[in-house]
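**Q**
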Amino acid sequence: MNATLHQRSIIVDGLIMAKFGPDIFRAMKEGGITAANGTCSIWEGFEASMRAIAEWKGWFRTHADTIRQVYTVEDIHRCKHDGRVGIFLGWQNSTGFGDHLPNVRLFAELGLRVVQLTYNTANMADSGCFESHNGGLTDFGRELIVEMNDAGILIDLGHVGAKTATDTIAASRKPVTFSYCLPLGLKVHPRNKSDAQLKAMA
5 MNATLHQRSI IVDGLIMAKF GPDIFRAMKE GGITAANGTC SIWEGFEASM
55 RAIAEWKGWF RTHADTIRQV YTVEDIHRCK HDGRVGIFLG WQNSTGFGDH
105 LPNVRLFAEL GLRVVQLTYN TANMADSGCF ESHNGGLTDF GRELIVEMND
155 AGILIDLGHV GAKTATDTIA ASRKPVTFSY CLPLGLKVHP RNKSDAQLKA
205 MA
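Take any residue in the sequence shown, note its place counting from 1, add 4, and you have its number in my numbering.
Now the structure itself:
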């Protein structure tokens, strides 16, 4: 990409999973990232996910010259103007909500903006892409989708099973995403998505 165009553009990294700290934050800024989905939970339950968000809140205070938490699109534009990297918090699994649906709104108020329904395996909501049983959404999963839609949390289907992806696209009132995967036609892999799934999502 032309360097001038890169500098002018809003560059969003759809997922960063890293050992976060000042070195990573500086590298993101030097690389010209405007905003990124900062992963703060993969397998963790409620308490550990809450601790992870508390840690991020500390980083936002300590490294305020480099990063800031973003809640809205306007915040991302502000980061571009200020020369800081915007971080919107994301999870790779919905296990952090536990079995208590009001927790969805709680975490949204703390700035959680992207949640994958499951990470490869099965959980209370659905089946992951490596499960032998392609079970799709559970009743709890359908309720969870309603809560996430209402709270403004983007549903990510990158690691879910095929039936879960199809069920969720049909059930969600808001757009969903396959945040990082390939078309199945390019590479056969359990996590990659068929043309039919990609068209349905679009």
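The C-beta atom is built at its ideal place from N, Cα and C for all residues, glycine as well.
Where are the alpha helix (DSSP H) runs, 4 residues long or more, that stay fully inside the stretch 60–124, in chain order?
**A** 77–86 and 106–113
**Q** For chain B, find out if any of its Cβ atoms is closer than 7 angstroms to the Cβ of Leu158; answer yes or no.
**A** Here chain B cannot be found, since the structure has a single protein chain.
**Q** Please check the pair Ile149 and Arg117, which I expect to be a contact at CB under 8 angstroms, by giving their CB distance rounded to whole angstroms.
**A** With a Cβ gap of about 16 angstroms, Ile149 and Arg117 do not count as contacting.
**Q** Kindly indicate the opening and closing residues of the alpha helix (DSSP H) around Gly42.
**A** No alpha helix (DSSP H) holds Gly42; the beta strand (DSSP E) holding it covers Ala39 to Ser45.
**Q** Based on DSSP bridge pairs, tell me the residues matched to Lys197.
**A** Pro187
**Q** Across the stretch 172–179 and the stretch 131–138, are there enough close Cβ pairs to call them in contact, namely three or more that are closer than 8 angstroms?
**A** no
**Q** In terms of residues, what are the limits of the beta strand (DSSP E) holding Asp17?
**A** Val16 to Ile20
**Q** From which residue to which residue does the alpha helix (DSSP H) around Asp154 run?
**A** Asp143 to Ala155 is the span of the alpha helix (DSSP H), which, as asked, contains Asp154.
**Q** DSSP state of Leu161, grouped into three classes?
**A** In the structure shown, Leu161 sits in coil (DSSP, three-state: anything other than H, G, I, E or B).
**Q** Would Trp95 and Ser45 qualify as a contact pair, given that the criterion is a beta-carbon distance under 7 angstroms?
**A** yes
**Q** Nearest to Ile71 by CA position, among Gly165, Leu202, Ala155 and Asp27, is which residue?
**A** Asp27
**Q** Among Thr43, Gly49, Ile37 and Ser13, whose alpha-carbon lies nearest the alpha-carbon of Gly102?
**A** Residue Gly49 is the option with its Cα nearest to Gly102.
**Q** Just to confirm, are Asn127 and His163 a CB contact at a threshold of 7 angstroms?
**A** no
**Q** How close, in whole Å, do the beta carbons of Ala129 and Phe144 come, if the pair is a contact with beta carbons under 8 angstroms?
**A** 6 angstroms
**Q** Taking the CB atoms as reference points, tell me whether Glu151 and Leu114 lie closer together than 7 angstroms.
**A** Not a contact, by the Cβ cut-off of 7 angstroms.
**Q** I'd like the list of long-range same chain contacts for Thr142, defined as Cβ closer than 8 angstroms, with 5 residues on each side in sequence excluded.
**A** Met128, Ala129 and Asp130
**Q** Name the two residues that bound the continuous alpha helix (DSSP H) containing Glu34.
**A** Pro26 to Glu34
**Q** Within the continuous alpha helix (DSSP H) that includes Asp171, where are the two ends?
**A** Here the alpha helix (DSSP H) through Asp171 covers Ala166 to Ala175.
**Q** Is it true that the CB of Gly36 sits closer than 7 angstroms to the CB of Ile14?
**A** Not in contact: Ile14 and Gly36 (Cβ atoms no closer than 7 angstroms).
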